[in-house]
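Undergrad: Its first residue numbered 1, the sequence shown is counted upward by one per residue in full-length UniProt numbering. Think of the CB as a built atom: it goes at the ideal place given N, C-alpha and C, for glycine as much as any other residue. Just so you know, these numbers come straight off a predicted model, no measurement behind them. Below is the structure I would like to discuss, written out as structure tokens.
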Amino acid sequence: MPCPVLRCFGRDAQAARGDHFPRGGSSRDPAGENDNARRVQPLRDSLHQLGGGDPEMHVAVEMKISGSPAITLQSKEHDPQITVNVILALEVKQSWPLATKDGLCIKHWLGNKVRGSFRFKSFYLVPGPTKETWCLSFPHIEKEMLNNHGKLKTCCELNGPKCCRKACLRLLQYLLQKLQHKNERNQKLVKFSSYHVKTAYFHACVSRPDDTNWKLEDLDNCFEILVNDFVNHLQIKELLHFFIPSMNLFGLFDQSSLTFLSDEIEYQRNNGFPIFIP
Ligand SMILES: [Zn+2]
């Protein structure tokens with residue numbers, strides 16, 4: 001949804017969360033959640049009409065997750081079921097906010113030209129945790145960095161050299177998903193999301209920018225290094241937002257959940273990842 005000219009935008013990084021993880025813990029603001037729900041209600045109603053009104057679509061709108069701006073559409077006729085999360089996003093065609101000035105440090109990975117071209121694109125706003133807050137969001141840039149991830153433009157192209165970046169990212173996301181499933185009852189990992197993994201992955205791409213750092217045949221080793229990176233972020237309680245470096249995505253997390261995930265991953269790593277065995 002295009003947004004009219006944005007007249008005022010503070011530097012406050014707290015007002016600029018770019019992630020989509022479910023809200024929780026000390027950052028929760030029940031009043032804000034209600035405001036969010038009200039704000040997206042017209043969109044929710046439209047989608048409900050869209051799904052229910054057309055019998056050809058066979059799409060149902062699921063119950064909303066408390067505190068999440070996402071609307072979940074589900075097609076129950078497929079096996080496995082197809083679930084799509086829709087989030088209201090406002091497209092802002094203006095210069096990126098000042099808080100992003102030192103972010104997106106891809107100079108040594110994708111190059112300054114690419115960084116400049118990214119910063120010429122729009123950015124998005126998605127509903128934040130409180131009434132006054134909208135979160136900055138850059139899904140289109142993230143998608144481009146995932147697809148065009150090589151220092152050499154030919155990386156992973158049909159006749160180009162192949163790397164293991166995508167495989168490493170998928171494995172780490174799968175690991176988190178499996179651990180969350182395993183700990184579904186104790187709810188200790190609900191605050192973590194694939195966005196945290198993706199952010200750690202982008203930082204890893206910056207730390208090891210050369211395609212030779214990610215040779216396809218070195219997948220085992222590269223995955224191990226990425227896991228180490230992620231555990232390190234958990235242990236030092238610091239995962240800086242890739243676009244807004246003044247914002248620590250783990251800043252409001254309680255120490256016990258960070259330690260719990262770190263210990264769970266360490267256990268998996270030290271035992272050959274038994275959780276991957278079906
Ligand atoms: Zn590649």
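Below 8 angstroms on the Cβ atoms is my contact criterion, and I expect L171 with I244 to pass it. Report the Cβ-Cβ distance as a whole number of Å.
TA: Actually they are not in contact, since the Cβ atoms of L171 and I244 sit about 27 angstroms apart, beyond 8 angstroms.
Undergrad: Determine the direct distance from the alpha carbon of R185 to that of K107, and round the result to whole angstroms.
TA: Looking at the two C-alpha atoms, the distance is approximately 43 angstroms.
Undergrad: Measuring CB atoms only, is the stretch 153-163 touching the stretch 208-223, in the sense that at least three cross pairs come out at less than 8 angstroms?
TA: These segments touch.
Undergrad: Secondary structure at F230, three-state DSSP: helix, strand or coil?
TA: Residue state, collapsed to three classes: helix.
Undergrad: Kindly provide the chain-ordered list of residues whose Cβ lies closer than 5 angstroms to any non-hydrogen atom of ligand 1.
TA: Answer in sequence order: G150, C155, C156 and C163.
Undergrad: Output the boundary residues of the beta strand (DSSP E) element that contains L175.
TA: It is not in any beta strand (DSSP E) - L175 instead sits in the alpha helix (DSSP H) that spans R165 to K182.
Undergrad: Could you tell me the boundaries of the alpha helix (DSSP H) in which L90 lies?
TA: Run containing L90: none in the alpha helix (DSSP H); it sits in the beta strand (DSSP E), L90 to V92.
Undergrad: Can the beta-carbon of F120 be found less than 9 angstroms from the beta-carbon of T100?
TA: Going by C-beta atoms, F120 is not nearer than 9 angstroms to T100.
Undergrad: Checking 9 angstroms against the spacing of the C-beta atoms, do K188 and S256 come in under that value?
TA: Yes, they are a contact pair.
Undergrad: Would DSSP call F118 helix, strand or coil?
TA: It is helical.
Undergrad: Would you call T83 buried or exposed, if buried means 16 or more other Cβ atoms sit within 10 Å of its Cβ?
TA: Counting Cβ neighbours within 10 Å, T83 comes out exposed, since fewer than 16 surround it.
Undergrad: Using a Cβ distance threshold of 8 angstroms, determine whether the stretch 192-203 contacts the stretch 232-244, with at least three qualifying pairs required.
TA: Enough Cβ pairs lie closer than 8 angstroms, so yes.
Undergrad: In whole angstroms, what is the alpha-carbon distance linking P30 and L110?
TA: Below a pLDDT of 50, predicted positions are generally treated as unreliable, and P30, at 40, falls in that range; the measurement from the model is reported next regardless. Approximately 41 angstroms between the Cα atoms of the pair.
Undergrad: Check this for me: beta carbons of K151 and D229, under 9 angstroms apart or not?
TA: No, they are not a contact pair.
Undergrad: Which of helix, strand or coil does DSSP assign to T154?
TA: Here T154 sits in coil by DSSP.
Undergrad: Under three-state DSSP, which class holds W96?
TA: If DSSP states are grouped into helix, strand and coil, W96 belongs with coil.
Undergrad: Closest to F276 by C-alpha separation, out of D254, L179 and Q235, would be which residue?
TA: Comparing Cα positions, the closest option is L179.
Undergrad: Taking the alpha helix (DSSP H) that S256 falls in, what are its first and last residues?
TA: Q255 to N270 is the extent of the alpha helix (DSSP H) around S256.
Undergrad: Throw me the rounded Cβ distance for the C222 and C168 pair, which I believe falls under 8 angstroms.
TA: C222 to C168, Cβ: 5 angstroms. Contact.
Undergrad: Hey, how far is the Cα of P278 from the Cα of N232?
TA: Looking at the two C-alpha atoms, the distance is approximately 28 angstroms.
Undergrad: Do residue 279 and P127 have their CB atoms nearer than 9 angstroms?
TA: Residue 279 lies beyond the stretch modelled for the chain, which goes from 1 to 278, so this question has no answer here.
Undergrad: With a 10 Å radius around its C-beta and 16 neighbouring C-beta atoms as the bar for buried, classify L73 as buried or exposed.
TA: The residue is buried, with at least 16 neighbouring Cβ atoms inside 10 Å.
Undergrad: Can you tell me whether DSSP reads L136 as helix, strand or coil?
TA: The answer is strand: DSSP assigns L136 an E or B state.
Undergrad: Rounded to the nearest angstrom, how far is the Cβ of L125 from that of V92, given a contact under 8 angstroms?
TA: That pair is a contact at about 6 angstroms.
Undergrad: Could you name the residues that DSSP lists as bridge partners for N248?
TA: L240, per the DSSP bridge assignment.
Undergrad: Between K113, V86, F118 and N85, which lies nearest to S95 when the distance is taken from Cα to Cα?
TA: For S95, the nearest C-alpha among the options comes from F118.
Undergrad: Return the bridge partner residues of P127 from the DSSP annotation.
TA: According to DSSP, which records beta bridges pairwise, P127 is partnered with W134.
Undergrad: Alpha carbon to alpha carbon, what distance is there between Y174 and S193?
TA: If you take the alpha carbons of S193 and Y174, they lie about 11 angstroms apart.
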